[in-house]
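Everything on this sheet refers to the single structure shown next.
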Amino acid sequence: MTRPHVRPILAAALVLPAALVLPAALAAPAALAAPAALAAPAALAAPAAPAAGAAEAHPDRRTPSVVVDWAACPGSEAAQCGTLDVPVDWSEPDGDEVTLAVARRPADNPDERVGTLFYNPGGPGDGGVSYVIDAERIFSGTLRARFDIVAMDPRGVGASTPVSCALPVLTAESTLWPRTEQQFEQLKAHNRAVGESCLEGTGAMLRHLDTVSVARDHEALRQALDVPEVSWLGVSYGTQVAANYAELFPGHTRAMALDAALEHSLPEVAQVADEIQAVEASFNRFVQWCGTDGTCALRGQDVAGLYDQLVAAADQRPLPVEGAIRAVTGEDIRMGTIGRLTFKEPSIYGPDVSWAGLSRALQAALGGDASAFALPADVPQTGLHAQLGNACLDYVPQVHTWEQMRRRIELGKQLAPHLQGASETWRVNLCTDWPVEATNPPRSLDVRDVPALIVHATYDPSVPYKWAHSLAAQIEGSHVLTRAGDGHTSYYTSACAREAVDAFLVGLTVPDRDVCY
Numbered sequence: 001m002t003r004p005h006v007r008p009i010l011a012a013a014l015v016l017p018a019a020l021v022l023p024a025a026l027a028a029p030a031a032l033a034a035p036a037a038l039a040a041p042a043a044l045a046a047p048a049a050p051a052a053g054a055a056e057a058h059p060d061r062r063t064p065s066v067v068v069d070w071a072a073c074p075g076s077e078a079a080q081c082g083t084l085d086v087p088v089d090w091s092e093p094d095g096d097e098v099t100l101a102v103a104r105r106p107a108d109n110p111d112e113r114v115g116t117l118f119y120n121p122g123g124p125g126d127g128g129v130s131y132v133i134d135a136e137r138i139f140s141g142t143l144r145a146r147f148d149i150v151a152m153d154p155r156g157v158g159a160s161t162p163v164s165c166a167l168p169v170l171t172a173e174s175t176l177w178p179r180t181e182q183q184f185e186q187l188k189a190h191n192r193a194v195g196e197s198c199l200e201g202t203g204a205m206l207r208h209l210d211t212v213s214v215a216r217d218h219e220a221l222r223q224a225l226d227v228p229e230v231s232w233l234g235v236s237y238g239t240q241v242a243a244n245y246a247e248l249f250p251g252h253t254r255a256m257a258l259d260a261a262l263e264h265s266l267p268e269v270a271q272v273a274d275e276i277q278a279v280e281a282s283f284n285r286f287v288q289w290c291g292t293d294g295t296c297a298l299r300g301q302d303v304a305g306l307y308d309q310l311v312a313a314a315d316q317r318p319l320p321v322e323g324a325i326r327a328v329t330g331e332d333i334r335m336g337t338i339g340r341l342t343f344k345e346p347s348i349y350g351p352d353v354s355w356a357g358l359s360r361a362l363q364a365a366l367g368g369d370a371s372a373f374a375l376p377a378d379v380p381q382t383g384l385h386a387q388l389g390n391a392c393l394d395y396v397p398q399v400h401t402w403e404q405m406r407r408r409i410e411l412g413k414q415l416a417p418h419l420q421g422a423s424e425t426w427r428v429n430l431c432t433d434w435p436v437e438a439t440n441p442p443r444s445l446d447v448r449d450v451p452a453l454i455v456h457a458t459y460d461p462s463v464p465y466k467w468a469h470s471l472a473a474q475i476e477g478s479h480v481l482t483r484a485g486d487g488h489t490s491y492y493t494s495a496c497a498r499e500a501v502d503a504f505l506v507g508l509t510v511p512d513r514d515v516c517y
């Protein structure tokens with residue numbers, strides 16, 4: 001049988017999630033709850049997901065006695081890096097392989113070590129290696145002391161075997177809100193051409209970038225580490241990676257803390273409608289906040305009215321930005337807004353990914369400088385290629401005709417007068433006519449015998465609050481901790497949430513309250 005093979009990687013650097021680093025128009029889903037959505041059985045690329053408890057009788061037949069040759073990670077005194085070779089197709093474990101970059105940080109206090117903690121920061125399209133390297137800034141002292149923290153750059157992402165495409169996803173002519181049937185047909189034709197170039201450049205891996213395959217990759221990593229079980233901290237899209245792992249391998253899953261739940265059982269129109277409303281609600285709360293907060297650059301002004309005027313004017317006469325793919329349109333501003341709504345206050349992702357940062361970007365655009373919303377011509381779209389590679393296998397678009405597109409645009413206008421449908425899930429339209437069929441379309445999970453804590457904010461613009469309860473219904477015995485507040489994820493921004501997650505992961509202690517701030 002094929003065995004995991006681990007060797008040192010040469011370099012790694014802190015890489016922020018694509019959806020937060022680039023202008024949101026160049027990024028894709030945070031959970032691809034941002035591109036996509038849907039329903040049906042597990043993966044065709046891997047053996048279909050079994051009922052809870054059954055998976056461990058099936059062979060991801062890898063010998064857990066592999067010695068991992070870890071080496072020091074560049075830029076960290078504590079973290080160790082390596083690479084892991086896994087099958088391209090988990091249904092053919094002796095077939096071709098892909099290489100995954102992996103990292104671990106041994107517990108600071110080995111005498112009180114609880115075990116191994118797997119971490120996935122979300123995306124899809126974001127890798128975990130850089131977070132382990134920068135663990136002092138990312139994880140609490142409690143988790144660093146009590147766990148070996150382990151993560152990988154998922155297949156296609158970061159320093160792992162990459163997705164390679166010859167064509168950019170976004171061009172000067174591209175639009176996700178076509179105004180004519182001709183523009184819609186151009187969108188579909190370009191989607192297919194991009195996908196075909198990715199298939200040619202990437203090969204068989206493009207058919208096996210789904211979340212079930214990523215979960216199975218983590219089981220190979222557990223075996224390579226030679227540990228009997230792991231705990232999980234999954235963030236955003238990482239909640240799906242963790243939950244799929246727990247469904248497949250409940251006996252190897254000690255516990256899960258899931259921050260900002262992604263729901264993967266909804267038909268795409270329901271998912272996009274939920275998220276459209278969540279983003280619009282967050283925008284309205286941003287407008288209200290701007291009325292009085294001293295850090296809002298537009299304090300006291302009619303922010304909603306100014307925003308609508310800016311978008312309409314940019315649609316009529318796009319704002320030129322040097323070095324951009326194109327002059328900034330109203331669509332670019334709307335899609336660029338959703339990324340800056342992600343966090344209310346500055347977080348690990350810097351001062352501009354915040355409501356104050358959004359207000360400064362809008363103030364500049366109103367003054368003629370729309371660079372914060374521009375699509376930079378000199379930024380490679382490799383992250384977006386990787387995100388689509390995953391998303392288009394996990395979600396099934398429901399817009400295929402011009403009439404359906406017109407209906408979807410009207411849905412956006414009615415549910416969101418300001419953002420008009422701009423959301424991460426709206427990018428599922430980039431999967432329309434993708435040449436590879438979805439192998440892990442939306443379905444309900446059935447997770448049993450795994451302690452789980454789900455933490456979710458009431459006003460999360462990326463993954464609506466009700467998704468926490470939908471995911472909880474798919475994880476037997478799970479608990480939901482509500483964070484009453486704004487922004488995507490809670491572990492990075494709320495002391496209350498972080499303490500609850502730490503207590504749960506260390507001692508399986510369920511919070512003694514249902515709501516924190």
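Each step along the sequence shown adds one to the number in our numbering, with nothing skipped, and position 242 is 242. All C-beta atoms in this analysis are idealised placements derived from N, C-alpha and C, irrespective of residue type, glycine included.
Helix, strand or coil at C392 according to DSSP, with G and I counted as helix
helix
Between C431, V132 and E97, which lies nearest to D89 when the distance is taken from Cα to Cα? E97
| Which residues mark the beginning and the end of the alpha helix (DSSP H) in which N191 is found? | E181 to T202
Task: Backbone secondary structure at I325 - three-state DSSP - done: coil
So, is Y517 buried or exposed, given that buried needs 16 or more other C-beta atoms within 10 angstroms? exposed
Host beta strand (DSSP E) of R104 (start-end): E97 to R105
Check: Taking the alpha carbon of G201 as the point to measure from, which residue in H488, S164 and D226 has its own alpha carbon closest?
Finding: S164
- request: Could you give the DSSP three-state label for H456: helix, strand or coil?
  value: strand
request  = Assign H400 to one of two classes, buried (16 or more other C-beta atoms within 10 Å of its C-beta) or exposed (fewer than that).
outcome  = exposed
_Which of the three DSSP states is assigned to W232 in this structure?_
strand
Taking DSSP as the reference, what is the three-state secondary structure of P162? strand
Margin query: Relative to the C-alpha of G128, which candidate in P168, A270 and A79 has its C-alpha closest?
Written below: A79
Exercise for the section: Would you decide whether E410 is buried or exposed? Buried here means 16 or more other CB atoms lie within 10 Å of its CB. Expected result: exposed
N-terminal and C-terminal residue of the alpha helix (DSSP H) that A270 is part of | E268 to C290
Cα-Cα separation between S76 and A103, rounded to whole angstroms: 11 Å
Next on the checklist: According to DSSP, is P87 part of a helix, a strand, or is it coil?
Outcome noted: strand
### Query
Where does C516 fall in DSSP's three states?
strand
By DSSP, does N244 sit in helix, in strand, or in coil? helix
**Prompt:** By how many angstroms is the C-alpha of V396 removed from the C-alpha of G389?
**Reply:** 13 Å
**OP:** Let me know if K466 comes out buried or exposed under the rule of 16 or more other beta-carbons within 10 Å of its beta-carbon.
**Re:** exposed
### Query
Helix, strand or coil: which one does DSSP assign to C81?
strand
- [ ] Quick one: give me the first and last residue of the beta strand (DSSP E) that H479 is part of.
- [x] H479 to D486
Who does L298 pair with in a DSSP beta bridge? None; L298 has no bridge partner.
Q) In whole angstroms, what separates the C-alpha of D522 from that of P464? A) Missing from the structure shown is residue 522; the chain here goes from 1 to 517 and no further.
| said: Quick check on DSSP: helix, strand or coil for V150? | reply: strand
| message | By alpha-carbon positions, which one of P228, D308, W70 and D153 ends up nearest to T329? | response | D308
Three or more C-beta pairs under 8 Å: does that hold for the stretch 330-349 against the stretch 418-431?
yes
Discussion item. So, under 8 Å CB-CB, L258 and A452 are touching, yes? Tell me the CB distance rounded to an integer number of Å.
Written reply: 6 Å
Going along the chain, which residues of its own chain have a beta-carbon closer than 7 Å to the beta-carbon of P178, five neighbours each way excluded?
-> F184, L187 and M405
Have a look at V311, C81 and C392 and flag the residue whose alpha-carbon is nearest the alpha-carbon of L362.
V311
Can you tell me whether L306 is helix, strand or coil according to DSSP? helix
**Prompt:** Alpha carbon to alpha carbon, how far is E219 from F249?
**Reply:** 8 Å
If you compare alpha carbons, which of P380, F504 and L221 is closest to I454? F504
Between the Cα of T161 and the Cα atoms of Q223, V194, Y131 and D85, which residue gives the shortest distance?
D85
| Integer-rounded CB distance, given that D446 should sit under 8 Å from E247 | 6 Å
Note to self: Assuming contact is defined by CB atoms lying nearer than 8 Å, are P154 and A391 in contact in what I supplied?
What the structure shows: no
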